[in-house]
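Letter 312 of the sequence shown, counting from 1, is numbered 421 in this note's numbering, and no numbers are missing.
Idealized CB from N, CA, C, for every residue including glycine.
Keep in mind it's a predicted model, so treat the numbers as computed, not measured.
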Amino acid sequence: MEQTKQQDGSGIDKRPTNGTGTTNPGDYYGLDTDELMDIYRLMYLSRKLDDAEINLKRQQKIYFQISGAGHEAALVAAGKVLQPGYDWFYPYYRDRALVLTLGMTPTEVLAEAVGSSEDPNSGGRQMPCHWGHKDLNIMTQSSCTGTQMLQAAGAAEVPDIMSKVEELKDRDDYEDDEVVFVSIGDGATSEGEFWEAVNTAANFKLPVLFMVEDNGYAISVPVEVQTAGGSISKATSGFENLHITEFDGCDPVESYGQISEAVEYIRSGKGPALAHAHVIRPYNHSMSDNEKDYKPEQEREEEAARDPLNTFPDFLVDEGLATRDELQELRDDVDTRVQDAVDEALELPTPEPETALDFVYAEDDEANPTTAHFDTEPEYSSDDGQSTMVDLLNDCLRTEMERDPSVVIFGEDVADVTREEYIEDVKGKGGVFKVTHGLQKQFGGRRVFNSPLAEANIVGRAIGMAQRGLRPVVEIQFYDYIWPAFMQLRNELSNVRWRSNNAFSAPVVVRVPIGGYLGGGAPYHSQSGTTLFTQTPGLRVVMPSTAEDAAGMLRTAIRCDDPVMFLEHKHLYRQQHNKGNNPGDNYMIPFGKARTVQEGDDLTIITYGALVERARRAAKRFDNISVEIIDLRSLNPYDWDAISHSVKKNNKVIVGYEDNSSWGFGTEIATRISDELFEYLDGPIQRVASMDSFVAYHPDLEEEILPGIDDFAEKIEWLAKY
Ligand SMILES: Cc1ncc(C[n+]2csc(CCOP(=O)(O)OP(=O)(O)O)c2C)c(N)n1
Ligand SMILES: [Mg+2]
Numbered sequence: 110m111e112q113t114k115q116q117d118g119s120g121i122d123k124r125p126t127n128g129t130g131t132t133n134p135g136d137y138y139g140l141d142t143d144e145l146m147d148i149y150r151l152m153y154l155s156r157k158l159d160d161a162e163i164n165l166k167r168q169q170k171i172y173f174q175i176s177g178a179g180h181e182a183a184l185v186a187a188g189k190v191l192q193p194g195y196d197w198f199y200p201y202y203r204d205r206a207l208v209l210t211l212g213m214t215p216t217e218v219l220a221e222a223v224g225s226s227e228d229p230n231s232g233g234r235q236m237p238c239h240w241g242h243k244d245l246n247i248m249t250q251s252s253c254t255g256t257q258m259l260q261a262a263g264a265a266e267v268p269d270i271m272s273k274v275e276e277l278k279d280r281d282d283y284e285d286d287e288v289v290f291v292s293i294g295d296g297a298t299s300e301g302e303f304w305e306a307v308n309t310a311a312n313f314k315l316p317v318l319f320m321v322e323d324n325g326y327a328i329s330v331p332v333e334v335q336t337a338g339g340s341i342s343k344a345t346s347g348f349e350n351l352h353i354t355e356f357d358g359c360d361p362v363e364s365y366g367q368i369s370e371a372v373e374y375i376r377s378g379k380g381p382a383l384a385h386a387h388v389i390r391p392y393n394h395s396m397s398d399n400e401k402d403y404k405p406e407q408e409r410e411e412e413a414a415r416d417p418l419n420t421f422p423d424f425l426v427d428e429g430l431a432t433r434d435e436l437q438e439l440r441d442d443v444d445t446r447v448q449d450a451v452d453e454a455l456e457l458p459t460p461e462p463e464t465a466l467d468f469v470y471a472e473d474d475e476a477n478p479t480t481a482h483f484d485t486e487p488e489y490s491s492d493d494g495q496s497t498m499v500d501l502l503n504d505c506l507r508t509e510m511e512r513d514p515s516v517v518i519f520g521e522d523v524a525d526v527t528r529e530e531y532i533e534d535v536k537g538k539g540g541v542f543k544v545t546h547g548l549q550k551q552f553g554g555r556r557v558f559n560s561p562l563a564e565a566n567i568v569g570r571a572i573g574m575a576q577r578g579l580r581p582v583v584e585i586q587f588y589d590y591i592w593p594a595f596m597q598l599r600n601e602l603s604n605v606r607w608r609s610n611n612a613f614s615a616p617v618v619v620r621v622p623i624g625g626y627l628g629g630g631a632p633y634h635s636q637s638g639t640t641l642f643t644q645t646p647g648l649r650v651v652m653p654s655t656a657e658d659a660a661g662m663l664r665t666a667i668r669c670d671d672p673v674m675f676l677e678h679k680h681l682y683r684q685q686h687n688k689g690n691n692p693g694d695n696y697m698i699p700f701g702k703a704r705t706v707q708e709g710d711d712l713t714i715i716t717y718g719a720l721v722e723r724a725r726r727a728a729k730r731f732d733n734i735s736v737e738i739i740d741l742r743s744l745n746p747y748d749w750d751a752i753s754h755s756v757k758k759n760n761k762v763i764v765g766y767e768d769n770s771s772w773g774f775g776t777e778i779a780t781r782i783s784d785e786l787f788e789y790l791d792g793p794i795q796r797v798a799s800m801d802s803f804v805a806y807h808p809d810l811e812e813e814i815l816p817g818i819d820d821f822a823e824k825i826e827w828l829a830k831y
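Shown next as structure tokens:
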């Protein structure tokens, strides 16, 4: 594939720029003739690549097409003001002209359209125009309209955090005056994540350039459905510290001037800026859309009259900057280049089918939490057996923060006290369950801090930070309230590595207090639902049941390179039965290894979480039945060897899980046992699980709904006799 100076990073000019410095439109904001011609070249190149892809799609040589047509002027301007390899980019799918300006080659752009394994954006895994280019600091992009906003906010916190943490401040992967660019359409500004990101960036003066590419439509839905008053720049005008500019995004010179000023504001540390660019969408939304269905001819003609591909060449000629012949020559050159790129892209290799599962998870031994690298022996530093799960989780967080200065903790109420002037006078909050207590006091407010009350904000920002080398360990206060973050978990955190073909990763640990048996937890503080995470490839999911396992598994979660859902059963935080000793600062348990709680040879119970102890107590009721109990601990991956060994030995099995009985985690285990171990079974597989209901407030109802000791006992007795 054609190599550019940018691809090996060697040619990237890492100097910051605010544009060329003049704010005088009469000087074309300092742009000289060569640069103005280059702007035209890039806009024309972008449009021609759209046209080339449209042809390829009609010939069925590519599988999808979405254009950047009409957005070119504002995006080339942004690309000219900002610096690849210095600034950071979270683009939108219309941003073809931006990535070309930053240095992506036409062949690299087309490589994604043909789905080549050599495509630097995704290796054939994502639709065209889902950008990602490691050397250019273009972060991997998904199809979700809005998620990128919070990730950009998180990425923009990195310089402030790194510069204020003594052990990180000399790292060379941040710049004091860098800018994080993120773009979005007029329609997608309706997503809550847009507002959350602008709010957070304005609140903390983060160096973000929010670029709203307003073409007046979201597929067929016009702006009056999206935005009160019809103008996003007006609607955001109350945000403190936010520089706002609204301009004709079809005029590249004006766009350049306005964006330069916005970037100057950001680089000076005053806060974020919102650039509201009025653009057009002369082609359909995508090739699956026909805009004539909803956009009348007159409106289309008005748009065409503003098209920068028509107006800018006239401008260059009228201003005496180029002749018609020179412009034709430029177009001929670009046409040849595009044709060469098409020929080249069509020859690129396609992905081998056997690579489908590559990079769902980290593959290097030191990054993959299932390897022996994460299997260490405990070195006990206490022997009274009195440490609770909360004690050992807290100790693990503390020792990991001491070991690795890039570990940062945030979430709702996790700090000791936001107003640091009170820190000596108060005990400190440290989480509603106290798991993070004292950490802010020890490590300071730049490493342990509160988030706003917004779950997508927590996970989205963590992704942006993790992509840039921090190790966020975040808390979702209760599993019951994780849903606003679910888009970020399911469609973003899980597949950053896979969708970028291993170019990017996001090693975030999401700690989630989960589960019932609180006696009064009611529907909104008692839910379980592990399958929501285990059904999402890319996420590691664990739920320890003892204090020592919690410490060993949290350490693995923090040190590995996969995103981890670390499920902490609230009921197990301070029980007597699961207390233990401090297993030391290097104790790790590899994921995918179950623990045998007790051996037995009549039947096997496979379970995890709060049901481990319930199963054990039920088994104790039977002197004459020998029950083996396996605590899975790790739900994805789970220890099939342990399950299979025990079922082959005992031939009877009960699966216990706190999720709803139907479609719960144990349903998968039961199915696989019946699939692969059917001949070994001497009785039907039994399930002990929650009713298909919500969890009620009154303890009598709660007991009825959640699985308990009696439920296990009933099944043990029945199955033993079978
Ligand atoms: C969260 C989400 N909802 C819906 C979609 C489907 N979708 C893709 S693009 C789009 C319209 C976006 O409009 P706008 O933000 O104005 O950008 P434009 O396409 O006009 O550039 C929709 C609804 C999506 N990709 N993601
Ligand atoms: Mg739009």
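Beta-carbon within less than 7 angstroms of V330's beta-carbon, same chain only, minus the 5 sequence neighbours each way: which residues are those? G296
Chain D beta carbons: is any one of them nearer than 9 angstroms to that of P593? The structure shown contains no chain D; it is built from a single protein chain.
For A182, which of helix, strand or coil comes out of DSSP? helix
DSSP beta-bridge partners for L676? V621
Among R599, K679, T485, A829, which has the Cα closest to the Cα of G693? T485
Apply the 10 Å Cβ neighbour rule to T216 and answer buried if 16 or more other Cβ atoms are within range, or exposed otherwise. buried
Which runs of the beta strand (DSSP E) at least 3 residues long sit entirely within the stretch 572-604? Give them in chain order. 580-584
Helix, strand or coil for P901 per DSSP? This structure gives no information on residue 901, because the portion of the chain shown stretches from 110 to 831.
Where E708 falls: helix, strand or coil (DSSP): coil
R409 Cβ short of 8 angstroms to ligand 2 heavy atom set: no
How many Å lie between G301 and N308 at the Cα? 11 angstroms
Among R556, H387, D228, the one whose alpha carbon lies nearest that of E275: R556
Around ligand 3, what residues have a beta-carbon under 6 angstroms from a heavy atom of it, in chain order? This structure lacks ligand 3; the ligands present are ligand 1 and ligand 2.
CA-CA distance, D286 and M271? 13 angstroms
Are the CB atoms of G569 and E521 within a distance shorter than 9 angstroms? no
Assign S369 to one of two classes, buried (16 or more other C-beta atoms within 10 Å of its C-beta) or exposed (fewer than that). buried
A454: first and last residue of the uninterrupted alpha helix (DSSP H) it sits in: 433-456
Determine, using beta carbons only, whether V291 and P316 come nearer to each other than 9 angstroms. no
Which residue from T780, S770, K729 puts its Cα closest to that of E826? K729
For S635, which residues in the same chain have their Cβ closer than 6 angstroms to its Cβ, ignoring the five residues on either side in sequence? G625, V804
Within the same chain, show all residues whose beta-carbon is closer than 8 angstroms to that of F731, passing over the 5 residues directly before and after it, in chain order. A822, I825, E826, A829
Report the residue from G775, V499, N695 whose alpha carbon sits nearest the alpha carbon of H546. V499
Please identify the residue among R725, F787, R704, E438 whose C-alpha is closest to the C-alpha of H686. R725
Just confirm the distance between the C-beta atoms of D740 and A703, as a whole number of angstroms; I'd bet it's less than 8 angstroms. 6 angstroms
Could you tell me which residues DSSP puts in a beta bridge with F290? F198, L318
Tell me, please, whether the stretch 510-519 touches the stretch 559-575 by the rule of three or more beta-carbon pairs shorter than 8 angstroms. yes
Less than 9 angstroms separating the beta-carbons of V223 and I171? yes
Quick one: what does DSSP say Y392 is sitting in, helix, strand or coil? coil
Tell whether a beta-carbon distance below 9 angstroms holds between A384 and Q367. yes
Residue from R150, Q257, A183 whose Cα sits closest to the Cα of M596: Q257
Let me know if W592 comes out buried or exposed under the rule of 16 or more other beta-carbons within 10 Å of its beta-carbon. exposed
With DSSP as the reference, identify every bridge partner of R415, one or two as the case may be. DSSP output for R415 lists no bridge partner at all.
If contact is defined by three or more beta carbon pairs under 8 angstroms, each pair taking one atom from either stretch, is the stretch 664-674 in contact with the stretch 747-763? no
Chain-order list of residues whose beta-carbon lies under 6 angstroms from that of R197 (same chain, five-residue window excluded): The displayed chain sequence assigns Trp, not Arg, to residue 197. The residues are N246, A264, V289.
Do you know how far the Cα of K278 is from the Cα of G52? Not covered by the structure: residue 52. The range shown for the chain is 110 to 831.
Between the alpha carbons of F348 and L318, how many angstroms are there, rounded? 14 angstroms
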